[in-house]
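Undergrad:
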Amino acid sequence: MYTRGRKVLESRSVVDDERLDGLEAQLKEAKYIAEDAERKYDEAARKLAITEVDLERAETRLEAAEA
């Protein structure tokens, strides 16, 4: 009886370890995806800021040319 219970617990332990490994892999992938998305957002925000400055300069030149 003791041996059967022990085997059941060992089996559960193996299943839990495999599940934990899978969850850790999913977490690692999710972190990578989140970091990549953050880098892409930062790059897009930087490009937008540059474009807005360029637009303001172009509008200023246009106003000066029309005057």
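Read in order, the letters of the sequence shown correspond to residues 1 to 67 in UniProt numbering.
Glycine is no exception: its CB is placed at the ideal position from the N, C-alpha and C atoms.
1) Have a look at TYR32 and VAL15 and give me their C-alpha separation to the nearest angstrom.
2) Return helix, strand or coil for ALA65, following the three-state DSSP convention.
3) To the nearest angstrom, how far is the alpha carbon of THR3 from that of SER13?
TA: Checking against the coordinates, here is how it stands:
1) Position 32 of the sequence shown holds residue 32. Position 15 of the sequence shown holds residue 15. Looking at the two C-alpha atoms, the distance is approximately 26 Å.
2) Sequence index remark: in the sequence shown, residue 65 carries index 65 (1-based). ALA65: helix per DSSP, three-state reduction.
3) Looking up residue 3 in the sequence shown gives position 3. Looking up residue 13 in the sequence shown gives position 13. Between THR3 and SER13, the C-alpha separation is close to 15 Å.
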